[in-house]
Structure formats: structure tokens, C-alpha cells
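Numbering (full-length UniProt numbering), first residue to last: 1 to 183.
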């Protein structure tokens, strides 16, 4: 519990960023060049890595749920957790995992070049993440999010936690608004 209070203090004071949050993925095995947050790897195209690529990267298309598996695990933990501060922490980690998966996919498409994900890219991606998720889990998240909005102290609302809650609220608002619209 002490770690949570230090985390909230650091986030509130702006002295930390999402990269300091603990990851859920296992440690890399010996011989792996890099670890990405969603569990998949993307290697730069060179002769050595092309030979090992078949061993590291699965053949064929990777499903959407596989790409965002870490984010969906965090989403489940938001629902399961009973303490509001822990729910907030898991929600921040969920958004971090979505960003990490997006960054990984963009890097793979750009042949290893790293590109940051902007806020303009984040909201549509979060909407897609929620739409593609398990409907039972996503609908269970909505009342949890409303509870967290009511609970959120003003001092925390100005930091990354408030930003995360606002992003999820905006994503749900868009989904609810467009739910009955015929395409």
C-alpha cells in the first residue's frame, strides 16, 4: 500500500511518468534483443534477425486481442479490484498498455523506427480497444469508471490519473452516443 501512495504522490507532483509503472509481462529470456509490452516482438530487418524471426515472431496474422492482451488483463483487474486507488492504478496501467501496443505496431510497420503515439491517435485507438473487447468486461467497466469519476480527488484529477479517467470517459461517451446510429 505504501507503494501506491508514493505512486500517487509522484504522479500528482509530476515527477514520474507511465514508464515507471510495473509491467505485467514476464522478464525477457536470454538471447532476446528487446521486450515489448504486449508480449510480441518486432525486430529490425537485418540478416541475423531474419534468420531468428521465425522463432520469435509467430507466423501468420496476430489477432487484435493478442496484440492488446496486456491491456485487457489490466482492464479485468480494474473490474476485480475493490480499492478505488488500486482501480485507478490499473486503469492507468491499461492506458499505458494500449499506448505500448500501439507504439509497437507502429514500430513494426515502420521497420523498427520508434514513433510516439500522440493524443490525437490515442482516443480513437482506445475506442477501438473498447469496441473489440469482451462486451461483458467492457460494460462492467462503465459503472466502475463512473464510480472512479465521483471518487477522484481534485489533487489527483489534474495529473495522469485524471487524464486517464477523462480518456476512458470520452471513449465511452462516443460509444454510447453512436450506439443507436445506423451506418
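Each residue gets a CB set at the ideal place from its N, CA and C atoms; glycine is no exception.
CB contact flag (residue i, residue j, <8 angstroms)
i: residue 149; j: residue 125; result: no
i: residue 88; j: residue 167; result: no
i: residue 151; j: residue 172; result: no
i: residue 122; j: residue 99; result: yes
Outcome for residue i when other beta-carbon atoms lying within 10 angstroms are tallied against a minimum of 16
i: residue 63; result: exposed
i: residue 115; result: exposed
i: residue 69; result: buried
i: residue 161; result: buried
i: residue 105; result: buried
i: residue 71; result: buried
i: residue 180; result: exposed
Three-state class that DSSP yields for residue i in the structure shown
i: residue 137; result: helix
i: residue 158; result: coil
i: residue 69; result: helix
i: residue 180; result: coil
i: residue 115; result: coil
Sequence-distant residues of its chain with Cβ nearer than 7 angstroms to residue i (five each side left out)
i: residue 76; result: 137
i: residue 175; result: 127, 130, 131
Same chain, Cβ closer than 6 angstroms to residue i, five either side skipped, listed in chain order
i: residue 91; result: 78, 164
i: residue 117; result: 99, 102, 103
Sequence-distant residues of the same chain with beta carbon closer than 8 angstroms to residue i, five excluded per side
i: residue 144; result: 78, 79, 87
i: residue 113; result: 107
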